[in-house]
Every structure is written in structure tokens, then in C-alpha cells.
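Residue numbers (this note's numbering): 196 to 405. Data block below; observations after.
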Amino acid sequence: MGEVTTFTTIKEEGVFHLIEKKSEFIGYAKPIRSEQEAVEMIGLLRKKHADARHHVYAYVVGGVMRYSDDGEPQGTGGVPVLDVIRKNNVDGALIVVVRYFGGVLLGAGGLTRAYSAAAKGAIAKAQIVVMQRFIETELVCQYADYAKILRDLERFHGKMDCCEYADVITLSIAVRFDQLESLQKHLYELSAGRLVLRETGWRYDYEMEG
Numbered sequence: 196m197g198e199v200t201t202f203t204t205i206k207e208e209g210v211f212h213l214i215e216k217k218s219e220f221i222g223y224a225k226p227i228r229s230e231q232e233a234v235e236m237i238g239l240l241r242k243k244h245a246d247a248r249h250h251v252y253a254y255v256v257g258g259v260m261r262y263s264d265d266g267e268p269q270g271t272g273g274v275p276v277l278d279v280i281r282k283n284n285v286d287g288a289l290i291v292v293v294r295y296f297g298g299v300l301l302g303a304g305g306l307t308r309a310y311s312a313a314a315k316g317a318i319a320k321a322q323i324v325v326m327q328r329f330i331e332t333e334l335v336c337q338y339a340d341y342a343k344i345l346r347d348l349e350r351f352h353g354k355m356d357c358c359e360y361a362d363v364i365t366l367s368i369a370v371r372f373d374q375l376e377s378l379q380k381h382l383y384e385l386s387a388g389r390l391v392l393r394e395t396g397w398r399y400d401y402e403m404e405g
């Protein structure tokens, strides 16, 4: 199958506010799927904060890395933000830090620390997750089998996507790539060969905690 089976990214949008010597820094961390999506989101944030002095950003997606100091002294904005993404080994992530200048110069060191802190706060709010390759399957079972399947699903890192109830139950189940064979074998043995998973597709997803 060739595709990557796991990668680290961010779960959702995270926003973090920081005040440093009267300057306001607003960090936005957003999951992205392409460079085009990153460019579009940067544009939207520029419009949303059109009155801000700087819109510093960095993103990593599919091996592509880009950053911009957006008028700040070279190396004081984009690089610290990019470093936050890289040190967390995150892919498919954009961080934009908007700065409203408060009238007090921070100096190169102060700017670097402020942009880094805003980026760290935003990525923490966005929640770092490990995405796994899940195989989407369909399973038809009798009502008598349903409770047993639910009981064992979590054990094999499976997710119940939906159920259709009729004379039999049709389950849509996503199971982690490396657990598919084990779950299939377990269900086959559990039902003396009646329960067979039929693959319908695949996706990247994360496992819920606890």
C-alpha cells in the first residue's frame, strides 16, 4: 500500500493571546492539507486583522516549509514560529502570529521570544495528535453478535462510524491499519466464520484518549 501509516499533526484550530510590553500577539494554529489552503488561510487572517502591523507565519505540509517575518527584523518572527512546528515534528500545520504594535520596541531577542511563545501557545491549544492509517470496513451481523462486537472493538483499535438496523445490523467500522488482520481473525473465530469484514476504503484518523 505505499502510503504513510502515521504522521503527527494538529487536531483543530488553536488561538492564543499574549501581551508583551503593550504589543498584542495573537497566535493561530490551523491544520492544513495543502500549500494552497495555507495561503488562503493566511489571506483570511490578513483580512480579519487588517489593522495589525505584522502577520508573521510559518507552515509545513507534505515536506514543504515556508515562513515570513512580514516586515519584522529578519529571523525574529518566521524562523521562531517555524522552529515551534519543527520541534514538535508536526506536518500539515500552519501558524500565523498577528502583532498589534504597542509603541514599545522589543528588540530582536524580545521579538523572537514573543513570537515563539505565541506559536507555542497556539499549537498547544490546537492539540498535537498522531494520525494513524485506518481501514474502513463494513460488517453484517446478527443482533445476537452485536454486543460481542462492541465489546471487542476498542481492544483492536476500532471505531464505530455508523450502524444500520434492519433484519440484520450493518456496521461501518474503521480499524487501525496494523490491527485489521487481528480483528478479522478474531471475528472469524468468534463467529465460526460468519463475521467477515469487507474493506470499503481508508482514511487518516486519530485515536481518542481514554
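Here a beta-carbon is modelled for each residue, glycine too, at the ideal position from N, C-alpha and C. The structure presented is a predicted model; accordingly, all values stated were derived computationally and were not measured.
Pairwise C-alpha distance: residue j and residue i
i    : j    : result
K242 : G305 : 26 Å
Y254 : H212 : 19 Å
I344 : L382 : 8 Å
I237 : V291 : 7 Å
G388 : L334 : 13 Å
P226 : A233 : 9 Å
E215 : T200 : 41 Å
I280 : E207 : 15 Å
R350 : N284 : 28 Å
V276 : L301 : 17 Å
Presumed contact (8 Å Cβ cut-off) between residue i and residue j, rounded CB distance
i    : j    : result
I205 : A312 : That belief does not hold up - the Cβ atoms of I205 and A312 are roughly 17 Å apart, past 8 Å.
A369 : K354 : 4 Å
T328 : Y401 : Here residue 328 is Arg; the residue named in the question, Thr, does not match the sequence. Not really, about 11 Å apart at Cβ, beyond 8 Å.
A317 : A224 : 4 Å
Y295 : S218 : 6 Å
Beta-carbon contacts of residue i that lie in its chain and below 7 Å, excluding the five residues immediately before and after
i    : result
S386 : D340
F202 : D286 and M326
W397 : R328, F329, I330 and E331
S263 : V251, Y252 and G273
L390 : L334, C336, D340, L382 and Y383
The beta strand (DSSP E) enclosing residue i, as first and last residue numbers
i    : result
T271 : Note, T271: premise wrong, no beta strand (DSSP E); not H, not E.
R241 : Note, R241: premise wrong, no beta strand (DSSP E); alpha helix (DSSP H) at E230 to K243.
I205 : T201 to I205
Classification of residue i by the beta-carbon crowding that lies within 10 angstroms, buried from 16 upward
i    : result
Q337 : exposed
R371 : buried
Q379 : buried
K315 : buried
V299 : exposed
G270 : exposed
L375 : buried
G405 : Confidence is the limiting factor: at G405 the pLDDT is only 35, short of 50, which leaves the residue's position unreliable and the question unanswerable from this model.
Close beta carbons around residue i, own chain, < 8 Å, minus the five adjacent residues each side
i    : result
T395 : E331, T332, E333 and S367
P268 : A303 and L306
R393 : T332, E333 and L334
P229 : The question names Pro, but residue 229 in the sequence shown is Ser. So the list reads V256 and G257, once near-sequence residues are dropped.
Other residues of its chain near residue i: CB distance less than 6 Å, five sequence neighbours each side excluded
i    : result
V293 : I221, H244, A247 and H250
D265 : H249, H250 and V251
Delimiting residues of the alpha helix (DSSP H) encompassing residue i
i    : result
E331 : Segment I323 to C336 is the beta strand (DSSP E) holding E331; no alpha helix (DSSP H) there.
E349 : Here E349 belongs to no alpha helix (DSSP H), and DSSP marks it neither H nor E.
L378 : L375 to L385
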